[in-house]
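What follows is a set of notes on a single structure, which appears directly below.
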Ligand SMILES: [Zn+2]
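Residue numbers (the working numbering): 95 to 369.
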């Protein structure tokens, strides 16, 4: 479930206090041929946080894996909607958003926990599951929801759980004595994630990707999440009311722009150490 306005605002607030970096080969958005893994609580946080950055990474020939913790099967006011139907709709909307930014649907992995219920999954099983995924994919970079910011602490439980669980799994993946069964049974070796970028970082953001040149692509991807906005969130329909779509895009453009630039903001970290 999204709160896109706030998400864009967080990026803009961070931008207002921090100068834009100069692009160079060592930058996230300039990487080529690497493996990137993004963990998202719901099938849309990846779009709202990072669609511009993901598009650039896809264009650069990086291998991108999107791991979605929950199926987002609760966020509708439509009295005729069912959880099963909403989960299918949300999956298709996510696939379309990913298609827009150049990520194939076979790069999306849905863990299929119910919306709002991630906190009630078995914590040991959850961290073991994600540790195994990290050891299998062996990413050069992980993007995940920031565990420490006000937005994440006060947003819904899935965000808190996804944030903490992903960090715990990154740590466990490095040490062979965590879940040794993964080596014995599945042949998985330990893996140390070299770089991490945490989104929804708010005032803790220390890394900014300029998306001026791709912001319209980001808005197109965002508009794939039809069911999360009026009028479809009240009474489901598969398409937009054109006026509502234009209003949303205008709102997002206005809020997302500060000092003449659009950015996506992250807290960059390596190992246990925040930079
Ligand atoms: Zn979410």
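We put the beta carbon where it would ideally sit given N, CA and C, even for glycine.
Being a predicted model, the structure only gives us computed values, none of them experimental.
If you draw a straight line from the C-alpha of residue 316 to the C-alpha of residue 135, how long is it?
Between the alpha carbons of residue 316 and residue 135 lies a gap of roughly 16 Å.
Closer than 8 Å, CB to CB, is residue 304 near chain B or not?
Structure shown: chain B not included; a single protein chain is present.
Own chain residues within Cβ distance below 8 Å of residue 215, not counting five before or after
The beta carbon of residue 215 sits closer than 8 Å to the beta carbons of 207, 255 from its chain, once the five residues preceding and following it are set aside; these are given in chain order.
To the nearest whole angstrom, what separates the beta carbons of residue 266 and residue 225, a pair I think is in contact under 8 Å?
Going by Cβ atoms, the distance from residue 266 to residue 225 rounds to 4 Å, so yes, they are a contact pair.
Other residues of its chain near residue 198: CB distance less than 8 Å, five sequence neighbours each side excluded:
Same-chain partners within the cutoff: 192.
Pick out whichever of 244, 275, 231, 253 has its Cα sitting closest to the Cα of residue 286.
The shortest C-alpha separation from residue 286 is found at 231.
Tell me the rounded alpha-carbon separation between residue 307 and residue 277.
Whole-angstrom Cα-Cα distance: 44 Å.
Taking its Cβ as the centre, do 16 or more other Cβ atoms sit within 10 Å of residue 137, making it buried, or is it exposed?
In this structure residue 137 is buried. Its beta-carbon is surrounded by 16 or more other beta-carbon atoms within 10 angstroms.
Apart from the five residues just before and just after residue 360, which ones in its own chain have a Cβ nearer than 7 Å to its Cβ?
So the qualifying residues of the chain are 291, 292, 293, 295, 299, 301.
Going along the chain, which residues of its own chain have a beta-carbon closer than 7 Å to the beta-carbon of residue 171, five neighbours each way excluded?
These residues qualify, in order along the chain: 327, 328.
Quick one: Cα of residue 241 to Cα of residue 247, how far?
Straight-line Cα distance between these residues: approximately 7 Å.
Which residues end up in the neighbourhood of ligand 1 when you take C-beta atoms closer than 5 Å to any of its heavy atoms?
Cβ-based neighbours of ligand 1 within the cut-off: 135, 136, 139.
Burial state of residue 219, where buried means 16 or more other Cβ atoms lie within 10 Å
Counting Cβ neighbours within 10 Å, residue 219 comes out exposed, since fewer than 16 surround it.
Cβ atoms of residue 154 and residue 126: under 8 Å apart, would you say?
Result yes, Cβ atoms of residue 126 and residue 154 sit closer than 8 Å.
Between residue 181 and the rest of its own chain, which residues show a CB-CB distance below 6 Å, the 5 nearest in sequence each way excluded?
Close CB contacts of residue 181 within its chain, under the 6 Å cut and outside five residues either way in sequence, are with 165, 167 (chain order).
8 Å Cβ shell around residue 309 - same chain, five flanking residues per side excluded:
Only residues of its own chain outside the window of five on either side were considered, and among them 146, 347, 350, 356 have a CB closer than 8 Å to the CB of residue 309, listed in chain order.
For residue 288 and residue 130, which I take to be in contact (beta-carbon distance under 8 Å), what is that distance rounded to the nearest angstrom?
Actually they are not in contact, since the Cβ atoms of residue 288 and residue 130 sit about 12 Å apart, beyond 8 Å.
On a CA-only basis, which of 340, 335, 313, 279 is nearest residue 144? Give me that one, please.
Of 340, 335, 313, 279, the residue nearest in Cα terms is 313.
Can you list, in chain order, the stretches of the beta strand (DSSP E) that have 3 or more residues and sit fully within the stretch 200–234?
Taking 3 residues as the minimum length, the beta strand (DSSP E) runs contained wholly in the stretch 200–234 are 202–207, in order along the chain.
By the three-class DSSP mapping on this structure, what secondary structure does residue 149 have?
Per DSSP, reduced to three states, the secondary structure at residue 149 is helical.
Looking at C-alpha atoms only, which residue of 175, 124, 128, 158 is the closest neighbour of residue 322?
Distances from the alpha-carbon of residue 322 to those of 175, 124, 128, 158 put 175 closest.
Return yes when the Cβ of residue 123 is within less than 8 Å of the Cβ of residue 52, no when it is not.
Given that the chain is displayed from residue 95 to residue 369, the structure contains no residue 52 and the question cannot be resolved.
Coil, strand or helix - residue 175 by DSSP:
Under the three-state reduction of DSSP output, residue 175 falls in the coil class, being neither helix nor strand.
Less than 8 Å separating the beta-carbons of residue 148 and residue 158?
Contact: yes.
When DSSP labels each residue in this structure, what does residue 191 get in the three-state scheme?
In this structure, DSSP gives residue 191 a helical state, which the three-state scheme calls helix.
Buried or exposed by the 16-neighbour rule on C-beta atoms within 10 Å, applied to residue 358:
Classification for residue 358: buried.
If you check the beta carbons only, do residue 320 and residue 337 fall under 8 Å apart?
It is not a contact, given that the beta carbons lie outside the stated cut-off.
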